[in-house]
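Protein chains in written order, with our numbering: chain C, 1 to 76; chain Y, 77 to 227; chain R, 228 to 467. All C-beta atoms, glycine included, are put in the ideal place defined by N, C-alpha and C.
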Amino acid sequence: MEKVTAFFQMGGYAAFVWPSLGLTVAVMSGLLIATLRQLRGRQRRLAELEAAGAQRRRRAASPPAAPPGETREARP
Amino acid sequence: MTRKRRRFYIVVAALLVFGSATALVLTALDDSLDLFQSPSQIMAAPPPPERGIRLGGLVEEGTVLRSSDGLSVTFRVTDGAQSVPVRYQGILPDLFREGQGVITVGSMGQGGTFLAREVLAKHDENYLPREVVDALKESGQWREGEGEGVR
Amino acid sequence: MHRFANPARFTRIADRVLPFAAGGAVLALALGFYLALFVSPADYQQGESVRIMYVHVPSAWMAMVIYVAIALASAVALIWRHPLADLAAKASSPIGAGFAFLTLVTGSLWGRPMWGTWWEWDGRLTSMLILFFLYLGHMALMNAFEDSQRGYRAASILALVGVVNIPIIKFSVDWWSTLHQPTSVMRLDGPTIHPSMLWPLLIVALGFKLYYLTVVLLRIKSELIAARLRALDLAMVKGS
Numbered sequence: 001m002e003k004v005t006a007f008f009q010m011g012g013y014a015a016f017v018w019p020s021l022g023l024t025v026a027v028m029s030g031l032l033i034a035t036l037r038q039l040r041g042r043q044r045r046l047a048e049l050e051a052a053g054a055q056r057r058r059r060a061a062s063p064p065a066a067p068p069g070e071t072r073e074a075r076p
Numbered sequence: 077m078t079r080k081r082r083r084f085y086i087v088v089a090a091l092l093v094f095g096s097a098t099a100l101v102l103t104a105l106d107d108s109l110d111l112f113q114s115p116s117q118i119m120a121a122p123p124p125p126e127r128g129i130r131l132g133g134l135v136e137e138g139t140v141l142r143s144s145d146g147l148s149v150t151f152r153v154t155d156g157a158q159s160v161p162v163r164y165q166g167i168l169p170d171l172f173r174e175g176q177g178v179i180t181v182g183s184m185g186q187g188g189t190f191l192a193r194e195v196l197a198k199h200d201e202n203y204l205p206r207e208v209v210d211a212l213k214e215s216g217q218w219r220e221g222e223g224e225g226v227r
Numbered sequence: 228m229h230r231f232a233n234p235a236r237f238t239r240i241a242d243r244v245l246p247f248a249a250g251g252a253v254l255a256l257a258l259g260f261y262l263a264l265f266v267s268p269a270d271y272q273q274g275e276s277v278r279i280m281y282v283h284v285p286s287a288w289m290a291m292v293i294y295v296a297i298a299l300a301s302a303v304a305l306i307w308r309h310p311l312a313d314l315a316a317k318a319s320s321p322i323g324a325g326f327a328f329l330t331l332v333t334g335s336l337w338g339r340p341m342w343g344t345w346w347e348w349d350g351r352l353t354s355m356l357i358l359f360f361l362y363l364g365h366m367a368l369m370n371a372f373e374d375s376q377r378g379y380r381a382a383s384i385l386a387l388v389g390v391v392n393i394p395i396i397k398f399s400v401d402w403w404s405t406l407h408q409p410t411s412v413m414r415l416d417g418p419t420i421h422p423s424m425l426w427p428l429l430i431v432a433l434g435f436k437l438y439y440l441t442v443v444l445l446r447i448k449s450e451l452i453a454a455r456l457r458a459l460d461l462a463m464v465k466g467s
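As structure tokens, this is what we get:
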């Protein structure tokens with residue numbers, strides 16, 4: 001138990017060592033998480049747009065018997 | 077020549093020109109980019125009293141004297157050639173020691189004593205475990221102070 | 228449309244490299260930090276505060292190396308006009324800025340107990356602060372323009388102009404009298420750090436490099452998708 005407390009005290013420099021380590025972990029993981037979220041968000045939007053585009057192409061290739069004027073897909 | 081090649085030469089030339097310009101500027105500014113002056117520099121060109129400057133060097137061995145009430149301390153800062161006496165009132169950093177690097181911030185007082193408002197400790201570029209240092213001290217190979225790499 | 232011929236190939240290569248980069252980063256960081264915190268000794272003069280070195284020094288190395296990488300990518304972008312070069316620079320900037328920020332803050336946290344001050348305007352600290360501002364400027368230019376090509380061009384020029392700061396950071400402790408001590412690792416005479424501390428430092432530094440590789444590949448992939456999204460948005464507006 002004494003060893004554990006000694007470890008956390010860092011020879012009296014705890015107030016400087018632990019914030020340094022903590023901030024490093026925070027910045028590096030924060031950047032990684034933000035990057036992944038941005039990437040996934042963009043991948044999702046791309047998939048949606050491409051799916052909508054594919055739908056539109058299918059409708060254009062074999063048009064349903066629809067009244068004129070209804071040629072546009074509603075955008076999500 | 078192709079456009080690509082021309083762009084290449086432009087970039088290289090611009091870098092060389094800008095690099096040289098920067099080198100010239102830095103050379104011209106040289107001394108003003110120093111954080112502190114050495115005792116020799118201070119002795120050669122004593123600054124006017126009351127002007128805030130920084131004096132840096134090593135704490136001369138055997139010169140550290142704390143006052144009887146423990147509030148102030150005097151010591152000498154040396155660069156091997158000249159030394160300047162310093163008086164300081166306040167807390168000294170953990171690393172402050174004789175033979176160690178130091179930077180004192182303050183001004184030259186009357187009588188040639190540097191009156192420090194702030195004392196900063198410098199440390200050298202060596203990183204060693206305590207056991208290694210103890211062993212070196214025992215075998216008489218240890219040298220204190222900065223700029224001396226321990227092999 | 229030739230610009231989008233490369234992205235598919237890049238994405239394929241990136242997807243093959245990413246698991247190794249990410250896995251390697253996790254291993255190196257875990258091992259490095261374990262050694263740094265639990266195995267390596269306290270320093271004879273700095274005591275346990277030396278543990279800050281294990282995040283401060285690798286951050287400083289990354290801040291400088293990434294800036295050089297951005298400068299190289301900028302040169303490639305300006306001279307060869309390769310579109311991936313601009314994206315590599317754009318993707319790298321926030322990572323470099325993060326490391327520059329960490330260098331400054333962990334440096335302050337280390338300097339306060341050791342030197343007795345949070346900050347001094349010496350050559351090393353000041354030039355590192357300038358590097359941080361260069362990163363911020365680079366990121367601003369990359370994102371400020373409606374026409375992204377103009378932003379890329381301006382950012383490339385800033386990156387090349389600012390690269391002169393890198394040798395200044397490195398040699399400041401030799402050229403001028405500074406508070407920061409001289410170099411401990413990249414020296415002609417060899418490192419002045421004891422192996423018991425040097426090895427954890429190098430392993431953490433490797434982890435930081437692999438981390439950068441992982442994040443920059445993810446960010447470039449992200450930029451390529453963003454470019455594709457912009458193109459699709461444009462096509463939809465035109466085609467409808």
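| query | result |
| --- | --- |
| Buried or exposed, going by whether 16 or more other CB atoms sit within 10 Å of the CB of F7 of chain C? | exposed |
| What are the start and end residues of the alpha helix (DSSP H) that includes G30 of chain C? | A14 to A61 |
| Which residues, in order along the region 436-453 of chain R, keep a beta-carbon less than 7 Å from a beta-carbon of chain C? | Y438, V442, L445, R446, K448, S449, I452 and A453 |
| Within 10 Å of its beta-carbon, does D313 of chain R have 16 or more other beta-carbons around it, so buried, or fewer, so exposed? | buried |
| What residues from chain Y crowd round D313 of chain R, counting only those whose CB sits closer than 9 Å? | None at all; the shortest Cβ gap to chain Y is about 15 Å. |
| Judging by CA-CA distance, which residue of R:L368, R:T333 and R:H365 is the nearest neighbour of L352 of chain R? | R:T333 |
| Nearest by alpha-carbon distance to T330 of chain R: which of R:R308, R:R339, R:L428 and R:L356 is it? | R:L356 |
| What is the residue span of the beta strand (DSSP E) that R152 of chain Y lies within? | S148 to T154 |
| Taking only three categories from DSSP, how would you classify T180 of chain Y? | strand |
| If the criterion is Cβ atoms closer than 7 Å, does the pair V153 of chain Y and L131 of chain Y meet it? | yes |
| Going by DSSP, what residues sit across from A197 of chain Y in a beta bridge? | Y:V178 |
| Is the Cβ of M463 of chain R closer than 7 Å to any Cβ of chain Y? | no |
| L196 of chain Y to A454 of chain R, Cα distance in whole Å? | 52 Å |
| Using a Cβ distance threshold of 8 Å, determine whether the region 254-261 of chain R contacts the region 315-331 of chain R, with at least three qualifying pairs required. | no |
| Y271 of chain R to Y362 of chain R, Cα distance in whole Å? | 36 Å |
| Tell me the DSSP secondary structure of G308 of chain R in three-state form. | According to the sequence displayed, residue 308 of chain R carries Arg and not Gly. Residue state, collapsed to three classes: coil. |
| Give a yes or no on whether 7 Å exceeds the smallest Cβ distance from R278 of chain R to chain C. | yes |
| Can you list the residues of chain C that T333 of chain R reaches, using a CB-CB cut of under 8 Å? | S20, L23 and T24 |
| Look at the alpha carbon of V412 of chain R and the alpha carbon of A14 of chain C, and state the distance between them as a whole number of angstroms. | 26 Å |
| Any idea what DSSP makes of D270 of chain R, helix, strand or coil? | strand |
| Between which two residues does the beta strand (DSSP E) harbouring L131 of chain Y extend? | I129 to V135 |
| L358 of chain R CB to nearest chain C CB: under 7 Å? | no |
| Identify the continuous beta strand (DSSP E) that holds Q376 of chain R and give its terminal residues. | No beta strand (DSSP E) holds Q376 of chain R; the alpha helix (DSSP H) holding it covers S375 to G389. |
| Could you check where the beta strand (DSSP E) with P418 of chain R kicks off and where it finishes? | Run containing P418 of chain R: none; DSSP gives neither H nor E here. |
| How would you call E2 of chain C, buried or exposed, if buried means at least 16 neighbouring beta carbons within 10 angstroms? | exposed |
| Ignore the nearest five residues each way along the sequence and tell me which others in K213 of chain Y's own chain have a CB closer than 8 Å to its CB. | none |
| Quick check: the Cα distance between R308 of chain R and W218 of chain Y, rounded to an integer number of angstroms? | 57 Å |
| Less than 7 Å between CB atoms is the rule here; does H421 of chain R satisfy it with respect to chain Y? | yes |
| For T150 of chain Y, return the contacting residues in chain R, with the cut-off set at a CB-CB distance below 8 Å. | By Cβ distance, chain R contributes nothing, its closest Cβ being about 18 Å from T150 of chain Y, past 8 Å. |
| Can you tell me the Cβ-Cβ gap for A248 of chain R and L385 of chain R, rounded? I've got them flagged as a contact below 8 Å. | Wrong, their Cβ atoms sit about 28 Å apart, outside the cutoff. |
| Where does P394 of chain R sit, in a helix, a strand or coil, going by DSSP? | helix |
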